[in-house]
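The structure under discussion appears below in the form of structure tokens.
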Amino acid sequence: MKMLDIGEVAERTGVRPSTLRYYEEIGLIRSFGRHGLRRQFDPDVLLRLSLIALGKTAGFSLVEIAAMFRPDGQVDLPRAELRAKADELQRQMVDLRLLRDALRHVADCPAPSHLECPSFRKLMKAAARTRKLSGTAGKARTETSSN
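Anchor point for the sequence shown: position 131 equals 1513 in our numbering, and the numbering is continuous, going up by one each time.
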């Protein structure tokens, strides 16, 4: 099996070598030796880095992602957490659609004052109702964006 050096891994994945070294430091990936001063990785690291990228895109922290890998390197995906994250993303999508519609309406509305526009008022009520129902949506977004 041909090993990949850190430069090749970085080139194939778009992950900077400094990030790869950090991921190795915190145990997300593992090198299998060196060729000179360059770390060498098993080709399976490419799949692992794809899973890490997917987890980060979904809003999981690196600590949460690390917990999805067993000590033997196999993936152990927490289905309940994935469902909860999917539900959170669904709520965010609803919020974003309402925001998009409100912004488009504001941009195109011919009313002299948006506060006089019945459509705008309806959009604002829907946005407030959605916020009230989701309750922790703002908190979840703040926590997610800090990871």
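Backbone N, C-alpha and C define an ideal beta-carbon position, used for all residues, glycine too.
Linking R1473 to E1446 through their CA atoms gives a straight-line distance of about 21 Å.
A straight-line Cα-Cα distance of about 15 Å links V1488 and K1507. Straight-line measurement puts the Cα of A1435 at about 38 Å from the Cα of D1490.
One thing to note: S1413 has its Cβ within 8 Å of the Cβ of R1421.
The three-state reading of DSSP puts F1414 in coil, since its state is none of H, G, I, E or B. Counting of Cβ neighbours within 10 angstroms places L1485 among the exposed residues, the total staying below 16.
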